[in-house]
Amino acid sequence: MNFAIPTPDTALTPRLQHKIDHKTKPPGALGRLEALALQIGLLQGSETPELRQPHIMVFAGDHGAARAGVSAFPQDVTWQMVENFLAGGAAINVFCRQMGLGLTVIDAGVNHDFGRRPGLIDAKLGPGTANYLEAPAMDVETVRAALARGRELAHALAANGCNCVGFGEMGIGNTASASLLTHCLTGQDLATVTGRGTGLDDAGLARKRALLEQALARGDRPTDPLQVLAEYGGFEIAMMAGAMLGAAERGMVLLIDGFIVTAALLAAHALNPALLPYCVFAHRSQETGHRVQLAHLKAEPLMDLDLRLGEGTGAALAFPLVQAAVNFLAEMASFESAGVSDRET
261 MNFAIPTPDT ALTPRLQHKI DHKTKPPGAL GRLEALALQI GLLQGSETPE
311 LRQPHIMVFA GDHGAARAGV SAFPQDVTWQ MVENFLAGGA AINVFCRQMG
361 LGLTVIDAGV NHDFGRRPGL IDAKLGPGTA NYLEAPAMDV ETVRAALARG
411 RELAHALAAN GCNCVGFGEM GIGNTASASL LTHCLTGQDL ATVTGRGTGL
461 DDAGLARKRA LLEQALARGD RPTDPLQVLA EYGGFEIAMM AGAMLGAAER
511 GMVLLIDGFI VTAALLAAHA LNPALLPYCV FAHRSQETGH RVQLAHLKAE
561 PLMDLDLRLG EGTGAALAFP LVQAAVNFLA EMASFESAGV SDRET
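For any residue, its number in this note's numbering is found by taking its place in the sequence shown, counting from 1, and adding 260.
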């Protein structure tokens, strides 16, 4: 699949940097916010960037391997948590309300019939993936369909005026899937990128690693992103990757959450590396493999709060920092406009 992602024009860099440096502060005094303001200004090709109708998209899907014991929780928790999202009771709901963020839940492939519900998009590709211990999670054509649907969803969000989107997920067993994707797409040792997920004890973690080794013995270690997603991915992960690529096509700021979301980004990046300048990495997850992912992408996250919940919670919590970077660039006085003496030269 071809994704037409524009390359940000760096010709505006000197003017943006001059504007940042001449705000009423010592150069560099706002630290990472200054680099973030420059990044977003270049993405939008503007000295006065703005964030419009910011939104979180939470993609949900079930994994056949969950029934084999790769998670501490039963598979039914996926649909039960989607119900919690729709009722407004999950952490992501709380944070989105607090931050003034829109929230949409996408059923990419949950083993449950939700019917027509406000706040839910039915994009179901099936009642969950196949068990990758026994067969590929899905075929390549289904991966392509998931990518295309995710792209459509991001384009629709942009058409409604959104230019900043965060990504979240829900799917029991998806940290195991993310570990396999990370292993394949970064080449790092499987044990290094496989953590406790929803809270496995030592015995559970050992079992999870053994099951993932069993999956690799069946499906090997492909490196082509479409094949990797087909062998070990989830419907929600593949659809999210398509949404990331589609959002970058529309010039949107992408707020990247934790381990599972970054696994989707690894696949999206392998399909088209041009999306990376559009990404703002919200936080460093407590999940061990997230450090490997961030190092592979040469990414430095905004926060390190020992989060490991998922749902897009890290992206929502990081949004005020992104808004602050845009606001200081647009609203903060310069030395000249405020009549404040600049430092001696």
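Positions of the beta carbon are idealized from the N, C-alpha and C atoms, including for glycine.
Report task. Specify whether the region 373-381 and the region 467-483 touch according to this definition: at least 3 beta carbon pairs, one from each stretch, less than 8 angstroms apart. Result -> no
Report task. Spell out a yes or no on whether the region 582-591 and the region 432-439 are touching, meaning 3 or more CB-CB pairs, one atom from each, closer than 8 angstroms. Result -> no
Requested in this report: Compare the Cα-Cα distances from Arg469 to each of Glu509, Thr402, Ala325, Pro387 and report the closest residue.
Outcome: The residue you call residue 469 lines up with position 209 of the sequence shown. It is Ala325.
Query - Alpha-carbon spacing of Leu272 relative to His282, whole angstroms - result: For the purposes of this step, residue 272 is taken as residue 12 along the sequence shown, with counting starting at 1. For the purposes of this step, residue 282 is taken as residue 22 along the sequence shown, with counting starting at 1. Their Cα atoms are separated by approximately 16 angstroms.
Report task. Could you check how far apart the C-beta atoms of Ala530 and Gly431 are, in whole angstroms? I think they sit under 8 angstroms. Result -> Residue mapping note: residue 530 aligns to position 270 of the sequence shown, counting from 1. Residue mapping note: residue 431 aligns to position 171 of the sequence shown, counting from 1. Not quite, the Cβ-Cβ distance comes to about 21 angstroms (not below 8 angstroms), so this is no contact.
**Report entry** Other residues of its chain near Thr454: CB distance less than 7 angstroms, five sequence neighbours each side excluded
**Finding:** For the purposes of this step, residue 454 is taken as the residue at position 194 of the sequence shown. Closer than 7 angstroms at Cβ, skipping near neighbours: Ser439, Lys468, Arg469, Leu472, Gly549.
Query raised in the report: Helix, strand or coil: which one does DSSP assign to His415?
Result: Position 155 of the sequence shown, counted from the first residue, corresponds to residue 415. In this structure, His415 counts as helix in the three-state DSSP scheme.
Requested in this report: Evaluate Val600 with the Cβ neighbour count: other Cβ atoms within 10 Å of its Cβ, from every protein chain shown; 16 or more gives buried, anything less gives exposed.
Outcome: Along the sequence shown, read from residue 1 onward, the residue named residue 600 stands at position 340. Per the 10 Å Cβ criterion, exposed.
Query - Burial state of Ala289, where buried means 16 or more other Cβ atoms lie within 10 Å - result: Counted from its first residue, the sequence shown places residue 289 at position 29. That one is exposed.
Report task. Report the three-state DSSP secondary structure of Phe374 (helix, strand or coil). Result -> Translated into the one-based positions of the sequence shown, residue 374 becomes position 114. Note: Phe374 maps to coil in three-state DSSP.
**Report entry** Backbone secondary structure at Cys422 - three-state DSSP
**Finding:** For the purposes of this step, residue 422 is identified with residue 162 of the sequence shown, where counting begins at 1. Note: Cys422 maps to coil in three-state DSSP.
Query raised in the report: What whole-angstrom Cβ distance do Leu363 and Cys356 have, given they're in contact under 8 angstroms?
Result: Walking along the sequence shown from the start, residue 363 turns up at place 103. Walking along the sequence shown from the start, residue 356 turns up at place 96. Sure, about 4 angstroms apart at Cβ, within 8 angstroms.
Report task. Tell whether a beta-carbon distance below 9 angstroms holds between Arg478 and His443. Result -> As a first step, residue 478 must be located in the sequence shown, where it is residue number 218. As a first step, residue 443 must be located in the sequence shown, where it is residue number 183. Not in contact: Arg478 and His443 (Cβ atoms no closer than 9 angstroms).
**Report entry** Reduced DSSP category for Ala503 - H, G, I as helix; E, B as strand; rest coil
**Finding:** Within the sequence shown, residue 503 is the residue found at index 243, counting from 1. Ala503 falls in the helix class under three-state DSSP.
Report task. Pull up the distance between the alpha-carbon of Ala408 and that of Leu535, whole angstroms please. Result -> Against the sequence shown, residue 408 aligns to sequence position 148. Against the sequence shown, residue 535 aligns to sequence position 275. Their Cα atoms are separated by approximately 16 angstroms.
Query raised in the report: Grouping DSSP H, G and I as helix and E and B as strand, with all else coil, what is Lys283?
Result: Translated into the one-based positions of the sequence shown, residue 283 becomes position 23. In the structure shown, Lys283 sits in a strand (DSSP, three-state: E or B).
Report task. Please list the segments of the beta strand (DSSP E) lying wholly inside the region 428-462, counting only runs of 3 or more residues, in order along the chain. Result -> none
Query raised in the report: How many Å lie between Lys558 and Arg456 at the Cα?
Result: Numbered from 1 along the sequence shown, position 298 holds the residue referred to as residue 558. Numbered from 1 along the sequence shown, position 196 holds the residue referred to as residue 456. Taking the straight line from one Cα to the other gives about 24 angstroms.
Query - Inside the region 262-332 only - alpha helix (DSSP H) runs reaching at least 4 residues - result: 273-281, 292-304
Query raised in the report: At which residues does the alpha helix (DSSP H) containing Gly574 begin and terminate?
Result: Residue numbering aside, residue 574 sits at position 314 when the sequence shown is read from its first letter. 573-591 is the extent of the alpha helix (DSSP H) around Gly574.
Query raised in the report: Taking 8 angstroms as the cut-off, does the CB of Leu296 come closer than this to any heavy atom belonging to the ligand SAH?
Result: The ligand content of the structure shown is nil, which means the ligand SAH is not present either.
Query raised in the report: Touch check for the region 504-511 and the region 418-428: three-plus C-beta pairs under 8 angstroms?
Result: yes
Query raised in the report: Going along the chain, which residues of its own chain have a beta-carbon closer than 7 angstroms to the beta-carbon of Glu547, five neighbours each way excluded?
Result: Within the sequence shown, the letter at position 287 stands for residue 547. Correct list, in chain order: Thr435, Gly455, Gly518, Phe519, Arg568.
Query raised in the report: In this structure, what does DSSP give as the bridge partners for Cys212?
Result: The structure shown does not extend to residue 212, since the chain is modelled only from 261 to 605, so the question has no answer here.
Query raised in the report: Can you tell me whether Gln299 is buried or exposed, with buried defined as 16 or more other CB within 10 angstroms of its CB?
Result: Within the sequence shown, numbered from 1, the residue matching residue 299 stands at position 39. Buried, since its Cβ has 16 or more Cβ neighbours within 10 Å.
Query raised in the report: Is the CB-CB distance between His543 and Gly502 below 9 angstroms?
Result: Within the sequence shown, the letter at position 283 stands for residue 543. Within the sequence shown, the letter at position 242 stands for residue 502. For His543 and Gly502, no; Cβs fall outside 9 angstroms.
Query raised in the report: Can you name, in chain order, every residue of its own chain whose Cβ lies under 8 angstroms from the Cβ of Leu450, other than the five neighbours on each side?
Result: The sequence position of residue 450 within the sequence shown is 190, counting from 1. Excluding residues within five positions, the ones whose Cβ falls inside 8 angstroms are Ser439, Leu440, His443, Arg469, Leu472, Glu473, Leu476.
Query - Selection from Ala463, Arg411, Ala297 that minimises the alpha carbon distance to Ala498 - result: Position 238 of the sequence shown, counted from the first residue, corresponds to residue 498. Per the Cα distances, Arg411.
Query raised in the report: Looking at the structure shown, is Leu486 part of a helix, part of a strand, or coil, going by DSSP?
Result: Working through the sequence shown from its first residue, we reach residue 486 at position 226. Residue state, collapsed to three classes: helix.
Query raised in the report: When the distance is taken between beta carbons, is Phe495 closer than 9 angstroms to Gly360?
Result: What you label residue 360 is simply residue 100 of the sequence shown in a count that begins at 1. What you label residue 495 is simply residue 235 of the sequence shown in a count that begins at 1. No, the pair does not count as a contact, with Cβ atoms beyond the cut-off.
Query raised in the report: Taking DSSP as the reference, what is the three-state secondary structure of Thr522?
Result: Position 262 of the sequence shown, counted from the start, is the residue given in the question as residue 522. Thr522 falls in the helix class under three-state DSSP.
Query raised in the report: Taking all protein chains shown into account, do 16 or more other C-beta atoms lie within 10 angstroms of the C-beta of Val342, making it buried, or fewer, making it exposed?
Result: Numbered from 1 along the sequence shown, position 82 holds the residue referred to as residue 342. Label assigned to Val342: buried.
Query raised in the report: In angstroms, rounded to a whole number, what distance separates the CA positions of Met512 and Ala264?
Result: One-based indexing of the sequence shown puts residue 512 at position 252. One-based indexing of the sequence shown puts residue 264 at position 4. Spanning the two alpha carbons is a distance of roughly 13 angstroms.
Query raised in the report: For Gly362, which three-state DSSP category applies?
Result: Against the sequence shown, residue 362 aligns to sequence position 102. Residue state, collapsed to three classes: strand.
Query raised in the report: Roughly how many angstroms separate the alpha carbons of Leu303 and Ser545, rounded to a whole number?
Result: Working through the sequence shown from its first residue, we reach residue 303 at position 43. Working through the sequence shown from its first residue, we reach residue 545 at position 285. Taking the straight line joining both Cα atoms gives about 26 angstroms.
Report task. On the DSSP bridge assignment, give the partners of Ile352 in chain order. Result -> Walking along the sequence shown from the start, residue 352 turns up at place 92. Ile352 pairs with nothing; no bridge assigned.
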